[in-house]
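Remarks on the structure that follows.
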Amino acid sequence: MRLPRLALGAEAAGDVPNPTASHSEAAFSGRRILLVDDNADLRDAMSFLLADLGFEVAVACGPMEALALAPGFRPDVALLDIGLPVMDGYRLAREMRRLFPSGPPRLVAMSGYGQPSDRLRSADAGFERHLVKPVAFDELVEVLHALQAMDATPTDTQPTAE
Numbered sequence: 005m006r007l008p009r010l011a012l013g014a015e016a017a018g019d020v021p022n023p024t025a026s027h028s029e030a031a032f033s034g035r036r037i038l039l040v041d042d043n044a045d046l047r048d049a050m051s052f053l054l055a056d057l058g059f060e061v062a063v064a065c066g067p068m069e070a071l072a073l074a075p076g077f078r079p080d081v082a083l084l085d086i087g088l089p090v091m092d093g094y095r096l097a098r099e100m101r102r103l104f105p106s107g108p109p110r111l112v113a114m115s116g117y118g119q120p121s122d123r124l125r126s127a128d129a130g131f132e133r134h135l136v137k138p139v140a141f142d143e144l145v146e147v148l149h150a151l152q153a154m155d156a157t158p159t160d161t162q163p164t165a166e
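In terms of my numbering, the sequence shown opens at residue 5 and continues consecutively.
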């Protein structure tokens, strides 16, 4: 029988690995992320980890709360569960895009389904990424870094006069 190190007092010894230690907190400092999920445990854990990365995090447990919160919060990224009550995440994504016609947040879907048809439906709804639950934290951080890099890349490819 093997026991996890945490159960053997590793936490008291101070050598419990920090899941976000390999990621730079400064990389996301000043960035805002809206997390929408009806699962309280997942929402709480993920919001803690995202805040630990440096994000300013706003959480909503459903789509109506998200739509009310988003205009004042102005998220850079919206991380949306697909299986929400009242309005699914696909429709919520479309509504989020309508809220911000001049520049909606980057949209990332979280779903228990990851078939090609599910990913296509996410893309059609305006999601830039589709993550399958349970989402590995390292995968999420990789996606967030990629989205941030896209924001930093100039989109104006017009030639400049010399």
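From the three backbone atoms N, C-alpha and C, an ideal C-beta is built for every residue, glycine too.
Taking the alpha-carbon of Y94 as reference, which of A113, V81, G76 has the nearest alpha-carbon?
A113
Counting only the same chain and skipping the five closest in sequence on each side, list residues whose C-beta sits under 6 Å from that of R133.
V112, V147
Would you report the Cα separation of A49 and V139, rounded to the nearest angstrom?
12 Å
May I ask you to verify whether the segment 103–110 touches the segment 118–129, counting CB pairs closer than 8 Å and requiring at least 3?
no
Classify M114 as helix, strand or coil using the three-state DSSP reduction.
strand
A14 versus P75: straight-line alpha-carbon distance, rounded
The predicted model places A14 with a pLDDT of 40, which falls under 50 and marks its position as unreliable; any figure quoted below should be read in that light. Roughly 44 Å between the two C-alpha positions.
By a C-beta neighbour count over all protein chains shown, 10 Å radius and 16 as the cutoff for buried, is A25 buried or exposed?
Per-residue confidence for A25 stands at a pLDDT of 46, beneath the threshold of 50, marking its modelled position as unreliable; the derived number appears in the next sentence. Label assigned to A25: exposed.
Looking at A64 and L38, is the spacing between their C-beta atoms short of 8 Å?
yes
Among M91, A70, P89, nearest to V81 - alpha-carbon criterion:
A70
Roughly how many angstroms lie between the CA atoms of E60 and P120, to the nearest whole one?
32 Å
I need the DSSP call for V63, collapsed to helix, strand or coil.
strand
Secondary structure at L39, three-state DSSP: helix, strand or coil?
strand
How would you call V90, buried or exposed, if buried means at least 16 neighbouring beta carbons within 10 angstroms?
exposed
Entirely within the segment 92–145 and at least 4 residues each: give me those alpha helix (DSSP H) ranges in chain order.
93–103, 120–128
Using DSSP with H/G/I as helix, E/B as strand and the rest coil, what is L84?
strand
Helix, strand or coil: which one does DSSP assign to S33?
coil
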